[in-house]
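A.B. asks: Numbering (the UniProt record's numbering), first residue to last: 1 to 223.
#1: Can you tell which of 92, 98, 116, 165 has its C-alpha closest to the C-alpha of residue 127?
#2: Taking the C-alpha atoms as reference points, what is the distance between residue 207 and residue 88?
#3: When DSSP labels each residue in this structure, what does residue 208 get in the three-state scheme?
#4: Would residue 182 and residue 174 be called neighbours here (beta carbons separated by less than 8 Å)?
#5: Could you check if residue 180 is buried or exposed, using at least 16 other CB atoms within 10 Å of its CB as the buried criterion?
#6: Nearest CA to the CA of residue 147: which residue from 217, 171, 203?
#7: Helix, strand or coil: which one does DSSP assign to residue 135?
#8: Out of 184, 101, 177, 219, which one is the CA nearest neighbour of residue 201?
#9: Going by the beta-carbon positions, is the gap between residue 167 and residue 150 smaller than 8 Å?
#10: Are the CB atoms of residue 152 and residue 162 nearer to each other than 8 Å?
#11: What is the DSSP secondary structure of residue 119, counted as helix, strand or coil?
Here is the structure:
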C-alpha cells in the first residue's frame with residue numbers, strides 16, 4: 001500500500017517530488033488501478049486481439065518496417081501499443097499491466113504500468129528532466145541502487161507529448177541500463193520501462209531504443 005501511495009502522490013502532485021539526500025523508499029512502477037467488469041475482455045484477451053490487429057497489413061505499420069525482429073503488443077482496452085524483441089516472453093508481475101522479458105537474460109525486459117490522473121498532459125508534472133529524475137531516483141529503482149540519469153527529452157506523436165529518458169541503476173551485483181517513456185492519456189499516467197544489463201548494452205541498445213520510441217497511447221473511444 002505504501003508503494004501505491006507514493007506513486008499516486010507523484011501523479012497527483014502539481015510538480016515532481018523533490019529529490020531526497022537520505023535513503024530512498026523503494027517504490028514499484030505505477031500500478032494498474034482500474035477494475036474490470038465481468039463482461040469486459042480480460043487484459044490477456046485484449047492484448048491477443050491487439051496483436052492480431054497489429055499484425056494485419058493495414059495496421060502493422062512500424063512492426064512490418066522493423067521486420068521479424070520485433071513483435072507488436074497492442075492493448076485496445078487501455079489504449080497503448082509498443083514493439084518488443086522477438087523471443088521475449090510474457091511473465092506475470094504484480095503491479096504491472098504487462099511485462100515481457102528474455103528468460104535467459106532477465107534484465108532484458110519491458111513493462112507497462114498505469115495510475116489514474118486528472119492531468120491532461122505529461123507537461124503538467126514538470127519538465128522532462130524533472131520528471132525523469134524523480135521517477136528514476138524514487139519510483140523505478142530500489143533505494144540501495146546508485147542511479148544516474150543519462151539524458152531526458154521529449155517527443156510528440158499524433159499530437160501527444162511523451163517524455164523519454166535514459167538512466168543506469170547500479171547494485172552490488174549488476175548495473176541495469178534502462179530507457180523509459182511516460183505520457184498521459186485516457187485519464188491515466190502511463191509508464192513504459194525497458195532495458196538490459198550494462199554488460200550487454202552495446203549489443204541491445206538499438207533494440208531497446210526501438211521499444212521506447214514505438215510506445216504510443218491512443219485515445220479510447222468513449223473516454
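Every residue, glycine too, gets a C-beta built ideally from N, C-alpha and C.
C.D. replies: Reading it off the structure:
#1: 165
#2: In a straight line, the C-alpha of residue 207 is about 12 Å away from that of residue 88.
#3: Three-state result, residue 208: helix.
#4: Not a contact, by the Cβ cut-off of 8 Å.
#5: buried
#6: 171
#7: Residue 135 falls in the helix class under three-state DSSP.
#8: 177
#9: The answer is yes: Cβ separation under 8 Å.
#10: no
#11: coil
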